[in-house]
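The structure under discussion appears below in the form of structure tokens.
Numbering (this note's numbering), first residue to last: 8 to 158.
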């Protein structure tokens, strides 16, 4: 099983190995001794806007989308966990806004997408609070104190 990272854009540079390691580390920290397959697609705003419109009915770019792998009966498929799509243009803009490195923002988005694949939801206040706490805990462990911030 493996973490696949595919860069489908040319506007923002990022090391795909870094993203692969962030996702693999988060999976290990969450108790996956043998990580399931996860794919991460790095795209631009135009690409993610099409997906956001098609799958969520929102005609604007977003930072991250997650597509869990499920069977016909709605039961999660193993060994594939699902797909994460990250807009590197959104990541760059958000990194500037929050004044931290783009690597930290992309790591945050990758972990956020991964948590969605694992069943976390942020559409309620309680769900968002739980998900953001878990996300911060994982990022602190993966990236260390140098990357901690209030976001």
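Don't be surprised by glycine CBs; every beta carbon is placed ideally from N, CA and C. For clarity, every value in this text was computed on a predicted model and none was experimentally measured.
Looking at residue 75: is its Cβ nearer than 9 Å to the Cβ of residue 94? By one-based count along the chain shown, residue 75 stands at place 68. By one-based count along the chain shown, residue 94 stands at place 87. It is not a contact, given that the beta carbons lie outside the stated cut-off.
How close, in whole Å, do the beta carbons of residue 162 and residue 116 come, if the pair is a contact with beta carbons under 8 Å? Since the displayed the chain opens at 8 and closes at 158, residue 162 lies outside it and no answer follows.
By the DSSP assignment, the alpha helix (DSSP H) with residue 109 in it spans what residues? If you number the chain shown from 1, residue 109 lands on position 102. That run of the alpha helix (DSSP H) goes 109-124.
Strand pairing of residue 89, partner residues [DSSP]: As a position in the chain shown, residue 89 is number 82, starting the count at 1. Answer by DSSP bridge pairing, in chain order: 45 and 75.
Which value, in whole angstroms, describes the spacing of the CA atoms of residue 89 and residue 45? Residue mapping note: residue 89 aligns to position 82 of the chain shown, counting from 1. Residue mapping note: residue 45 aligns to position 38 of the chain shown, counting from 1. About 5 Å.
Near residue 12, what residues of its chain come up, given a Cβ to Cβ distance below 6 Å and the 5 sequence neighbours on each side ignored? Locating residue 12 in the chain shown gives position 5, counting from the first residue. Counting only Cβ-Cβ distances below 6 Å, and skipping sequence neighbours, we find 23, 26, 27 and 47.
Contact check, residue 58 vs residue 72 under 8 Å by CB: the rounded distance? Mapped onto the chain shown, residue 58 falls at position 51. Mapped onto the chain shown, residue 72 falls at position 65. Residue 58 to residue 72, Cβ: 6 Å. Contact.
Should residue 144 be labelled buried (16 or more other beta-carbon atoms within 10 Å of its own) or exposed? Within the chain shown, the letter at position 137 stands for residue 144. The residue is exposed, with fewer than 16 neighbouring Cβ atoms inside 10 Å.
Spell out the partners DSSP gives residue 13 in its beta bridges. Taking the chain shown and counting its residues from 1, one reaches residue 13 at position 6. Paired residue(s): 48.
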